[in-house]
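Asker: Here you go, one structure.
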Amino acid sequence: MDLSNTRRERRLTGVPSSIGEPIGSKAVAAYLDDPDRGLVVVERDGRVALCSPRARLLLAIEADREVVGRHLRRVLADLGRAWREARGLVRTRPRGALRRGGATVVTAPDGLVACAVRTLPGAGWAVTVEERRPAAAVEGHRDPVTGLEDRAAFRTRLAEALSRPDAQVAVLAIGLDRFRPVNDTLGHAIGDGVLRMAAGRLHTTLRRQDGLARLGGDAFAVMQDGAGEAPDAEPLADRIVDLVGRAYVIEGHLVNIGASVGVALSSGAGGDADTLLKHADLALDRAKRDGRATARFFETGMDACSQARRALEIDLRRALVLDQFELVYQPQMDLDSDRLVGCEALIRWHHPTRGTVSPAEFIPLAEEIGLIVPIGEWVLRTACREAARWPGDVTVAVNLSPAQFRSPALVGAVASALAAAGLAPGRLELEITEGLLLQESQANIDTLNALRALGPRIAMDDFGTGYASLSSLRAFPFDRIKIDRSFVSGPKAERDAMAVVRAIASLGATYGMTTIAEGVETPEQMRDIRSEGCTAVQGYHIGRPMPAAAIARLFADQADTAARSFDPQHSEPRR
């Protein structure tokens, strides 16, 4: 806001809901700690002297955007369409007196926000900011978290736009990538903050005639009026992917999500709002399956793909009940003794008509529809039961999915699986993917400690793919580090990759952790890995994944061979 003492009236940006009495220093201090109301202190010349964290959140001001020292008019102008539309609602008169000039509440980029302007004795002005839940939200027309239109209101707006004879409309369905872990690890308050800030960013991309709604969960939708062809909508879709995908800082937490966008054009929907929304959703689904953080336009045939995916989902829900899953086991070799010392349990789905369904196809689907936890518990129970039949020094490794790790039932499920199988806890190894440690939260450490108390070994899986930090290894004493196969069998498995392997092996030795390299497929790779100091290997060169009966025979044969080759006159087996 331009609050300078000028002789001429100026148009300003901002909307005070009321003009109160002067606010004192104690009240200013109280506002700084107020969880519901924000405070912006403005000098006499209109420059911002202070902006509280709550005011930043309510006004959707990015954490890395400099505010103090800037003119309030420029700060608010950066916030996008909603504040631009409020120009002229507040005016200054000579000597800095304020008067109201129109509406008292304005939709800020992340919801309905009321501002009140009060004088600071001898200092300038204090602008207090407060979120106001709109009455329309109670009536079901607005989303209570963001203040945006809800699905019903958006559909009505879309239908009205499509009813025009010259309708040229694009619908952009927007999904926030990796949003669920934010709620699970940081709580719903932080999750709601992300939603509000994402809504604010979306607002800044739109024009006056466009529409924006939150459809529920992490789903938003944009109606771009006047976009009848792909070239009209593509720049907006790309801006949304870029802007919404940038990092968020909320209450001291750095949050990284992304955005996937599906676009449908009215020319391909026959002027029907429901069909256009459906097409945008289908395109969004394709964008997510193509790797996320991208935009896709609806194409003929996507509906058929969606139906096929729905059929696969139905079959997957039945697979557990119909006992269609099987575990296979890939052996692991200790490089000091050259003996097989354990194996990793890998799930397979044998469908009666589809044949063997690749884990790469059904595991992401299971995660998406919430089946990964019960499937993971089945893997735990089965692996423990089958490993109990093997020689007593053989271990079995089971991978825990991120959703399973965050489940409050995890520790009980592990304890139950061990007890039911009668398996010694030390023979079970739980693999925690490195990406889980992106958030080094106390909750993660508490879960790891609770698992450790049960007795199984804990391994960090896929180490080296770029997420975990050295502080993660210091925060929890893992038993083993699994080196990702990309450093062993990928196209860069040469000098630079071997340097990484050497560094990880040295790191493991420093922290008292064993290391195992995945993806060893040739004698040359085996030689290189051995020379770099790894303690164990896994891969096709050692053995392919095999059924439980086959791995049991392999371990039994190894035990028999060791027994026959043992010379009583020596203290170790022959080689």
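In UniProt numbering, the protein residues as written are 1 to 575.
For every residue, glycine included, the Cβ atom is placed at its ideal position computed from N, Cα and C.
Taking only the alpha-carbon atoms, compute the straight-line gap between Leu312 and Arg457 and give it to the nearest angstrom.
Answerer: The residue labelled residue 312 in the question sits at position 312 within the sequence shown. The residue labelled residue 457 in the question sits at position 457 within the sequence shown. Their backbone Cα atoms lie some 35 Å apart in a straight line.
Asker: What first and last residue would you give for the beta strand (DSSP E) that runs through Cys534?
Answerer: Counting from 1 along the sequence shown, the entry for residue 534 is found at position 534. Segment: none, Cys534 is in no beta strand (DSSP E) and carries neither H nor E.
Asker: When the Cα of Leu215 is compared with those of Gln209, Gln224, Ala199, Thr205, which residue comes out closest?
Answerer: Indexing the sequence shown from 1 puts residue 215 at position 215. The shortest Cα separation from Leu215 among Gln209, Gln224, Ala199, Thr205 belongs to Ala199.
Asker: Kindly list the residues whose CB is nearer than 7 Å to the CB of Glu521, restricted to its own chain and excluding five residues on each side of it in sequence; keep chain order.
Answerer: Translated into the one-based positions of the sequence shown, residue 521 becomes position 521. The residues are Ser489, Gly539, Tyr540, His541.
Asker: Less than 7 Å between C-beta atoms, sequence neighbours within five positions excluded: which residues of the same chain meet that for Arg201?
Answerer: Taking the sequence shown and counting its residues from 1, one reaches residue 201 at position 201. Closer than 7 Å at Cβ, skipping near neighbours: Leu243, Val244.
Asker: Between the stretch 406 to 425 and the stretch 440 to 453, do three or more beta carbon pairs fall short of 8 Å?
Answerer: At 8 Å Cβ cutoff, the stretches touch.
Asker: Taking Gly226 as the reference, which of Val171, Arg239, Ser260, Phe179 has the closest Cα?
Answerer: Counted from its first residue, the sequence shown places residue 226 at position 226. The shortest Cα separation from Gly226 among Val171, Arg239, Ser260, Phe179 belongs to Val171.
Asker: To the nearest angstrom, how far is the alpha carbon of Thr561 from that of Ile369?
Answerer: As a first step, residue 561 is located in the sequence shown; it is residue number 561 there, counting from the start. As a first step, residue 369 is located in the sequence shown; it is residue number 369 there, counting from the start. For Thr561 and Ile369, the distance between alpha carbons rounds to 47 Å.
Asker: Out of Ala387, Arg309, Gly533, point me to the one whose CA is closest to Trp553's CA.
Answerer: Numbered from 1 along the sequence shown, position 553 holds the residue referred to as residue 553. Correcting the residue type first, residue 553 is Arg in the shown sequence and not Trp. Out of Ala387, Arg309, Gly533, Ala387 has the C-alpha closest to the C-alpha of Arg553.
Asker: Decide if Ile314 is buried, meaning its Cβ has at least 16 other Cβ atoms within 10 Å, or exposed.
Answerer: Looking up residue 314 in the sequence shown gives position 314. Looking at its Cβ environment, which holds fewer than 16 other Cβ atoms inside 10 Å, Ile314 is exposed.
Asker: Have a look at Ile174, Leu158, Val261, Gly175 and flag the residue whose alpha-carbon is nearest the alpha-carbon of Ala167.
Answerer: Indexing the sequence shown from 1 puts residue 167 at position 167. That would be Leu158, whose Cα lies nearest to the Cα of Ala167.
Asker: Compare the beta carbon distance of Pro359 and Ile347 with 8 Å and say whether it is the shorter of the two.
Answerer: Position 359 of the sequence shown holds residue 359. Position 347 of the sequence shown holds residue 347. Yes, these two residues count as a Cβ contact at 8 Å.
Asker: Pairs of beta-carbons, one from the stretch 314 to 329 and one from the stretch 272 to 290, closer than 8 Å: are there three or more?
Answerer: Output reads no: the stretch 272 to 290 does not touch the stretch 314 to 329.
Asker: Could you work out which residue in Ser163, Ala459, Ala497 is closest to Asp479 when comparing CA atoms only?
Answerer: Counting from one through the sequence shown, the residue named residue 479 turns up at place 479. Minimum Cα distance to Asp479 is reached at Ala459.
Asker: Find out if the Cβ-Cβ distance for the pair Val379, Leu430 is shorter than 8 Å.
Answerer: One-based indexing of the sequence shown puts residue 379 at position 379. One-based indexing of the sequence shown puts residue 430 at position 430. Their beta carbons are not under 8 Å apart, which means Val379 does not touch Leu430 by this criterion.
Asker: Could you pull the start and end residues of the alpha helix (DSSP H) that His188 belongs to?
Answerer: Here residue 188 refers to the residue found at position 188 when the sequence shown is read from its first residue. Start and end: 188 to 204.
Asker: Are the CB atoms of Met223 and Val169 within a distance shorter than 8 Å?
Answerer: Within the sequence shown, numbered from 1, the residue matching residue 169 stands at position 169. Within the sequence shown, numbered from 1, the residue matching residue 223 stands at position 223. Yes, Cβ-Cβ distance for Val169 and Met223 is below 8 Å.
Asker: Return the bridge partner residues of His279 from the DSSP annotation.
Answerer: The residue given as residue 279 occupies position 279 in the sequence shown. DSSP output for His279 lists no bridge partner at all.
Asker: Classify Trp390 as helix, strand or coil using the three-state DSSP reduction.
Answerer: Residue 390 sits at position 390 when you count from the first residue of the sequence shown. Trp390: coil per DSSP, three-state reduction.
Asker: Rounded to whole angstroms, what is the Cα-Cα separation between Glu524 and Ser531?
Answerer: Translated into positions along the sequence shown, residue 524 becomes position 524. Translated into positions along the sequence shown, residue 531 becomes position 531. Answer to the nearest angstrom: the Cα atoms are 11 Å apart.
Asker: Between Arg56, Ala55, Arg70, Gly38, which lies nearest to Ala49 when the distance is taken from Cα to Cα?
Answerer: On the sequence shown, residue 49 is found 49 positions in, with the first residue counted as 1. Ranking Arg56, Ala55, Arg70, Gly38 by Cα distance to Ala49 puts Arg70 first.
Asker: Give me the Cα-Cα distance between Cys384 and Leu410, rounded to the nearest whole angstrom.
Answerer: Against the sequence shown, residue 384 aligns to sequence position 384. Against the sequence shown, residue 410 aligns to sequence position 410. Near 15 Å, if we compare the C-alpha coordinates of Leu410 and Cys384.
Asker: Are the CB atoms of Ala264 and His253 nearer to each other than 8 Å?
Answerer: In the sequence shown, counting from the first residue as 1, residue 264 sits at position 264. In the sequence shown, counting from the first residue as 1, residue 253 sits at position 253. The answer is no: Cβ separation not under 8 Å.
Asker: With DSSP as the reference, identify every bridge partner of Pro477, one or two as the case may be.
Answerer: Working through the sequence shown from its first residue, we reach residue 477 at position 477. The partner list for Pro477 (beta bridge, DSSP) is empty, contrary to what the question assumes.
Asker: What are the start and end residues of the beta strand (DSSP E) that includes Gln330?
Answerer: Here residue 330 is taken as the residue at index 330 of the sequence shown, counted from 1. Start and end: 325 to 334.
Asker: Considering only residues of the stretch 395 to 419, which uninterrupted alpha helix (DSSP H) runs meet the minimum length of 4 residues and lie entirely inside it, listed in chain order?
Answerer: Runs of the alpha helix (DSSP H) inside the stretch 395 to 419: 402 to 406.
Asker: According to the Cβ coordinates, are Thr395 and Gly455 closer than 8 Å?
Answerer: Against the sequence shown, residue 395 aligns to sequence position 395. Against the sequence shown, residue 455 aligns to sequence position 455. No, they are not a contact pair.
Asker: Per DSSP, what kind of secondary structure is Val138 in: helix, strand or coil?
Answerer: Taking the first residue of the sequence shown as 1, we reach residue 138 at position 138. Since pLDDT at Val138 reaches only 39, below the 50 mark, its modelled position is unreliable, and no value is offered.
Asker: Please classify Gly426: does DSSP put it in a helix, a strand, or coil?
Answerer: Within the sequence shown, residue 426 is the residue found at index 426, counting from 1. In this structure, Gly426 counts as helix in the three-state DSSP scheme.
Asker: Looking at the unbroken alpha helix (DSSP H) that takes in Met302, where does it start and where does it end?
Answerer: Locating residue 302 in the sequence shown gives position 302, counting from the first residue. First-last of the alpha helix (DSSP H) with Met302: 302 to 319.
Asker: My understanding is that Ser260 touches Thr294, with C-beta atoms under 8 Å, so please give their C-beta distance in whole angstroms.
Answerer: To locate residue 260, count along the sequence shown from 1; it is residue 260. To locate residue 294, count along the sequence shown from 1; it is residue 294. Yes, Ser260 and Thr294 are in contact; Cβ-Cβ is about 6 Å, under 8 Å.
Asker: I need the boundaries of the alpha helix (DSSP H) containing Ala247, first residue and last residue.
Answerer: The residue you call residue 247 lines up with position 247 of the sequence shown. That residue, Ala247, is in no alpha helix (DSSP H); it is neither H nor E in DSSP.
Asker: Select from Asp393, Arg196, Ala563 the residue whose C-alpha is nearest the C-alpha of Asp334.
Answerer: Counting from 1 along the sequence shown, the entry for residue 334 is found at position 334. Per the Cα distances, Asp393.
Asker: Could you pull the start and end residues of the alpha helix (DSSP H) that Ile347 belongs to?
Answerer: Stepping through the sequence shown from its first residue, residue 347 is reached at position 347. That residue, Ile347, is in no alpha helix (DSSP H); its beta strand (DSSP E) goes 339 to 351.
Asker: Find out if the Cβ-Cβ distance for the pair Gly533, Arg502 is shorter than 8 Å.
Answerer: The sequence position of residue 533 within the sequence shown is 533, counting from 1. The sequence position of residue 502 within the sequence shown is 502, counting from 1. Taking 8 Å as the Cβ cut-off, Gly533 and Arg502 qualify as a contacting pair.
Asker: Which value, in whole angstroms, describes the spacing of the CA atoms of Ala233 and Leu148?
Answerer: Working through the sequence shown from its first residue, we reach residue 233 at position 233. Working through the sequence shown from its first residue, we reach residue 148 at position 148. If you take the alpha carbons of Ala233 and Leu148, they lie about 21 Å apart.
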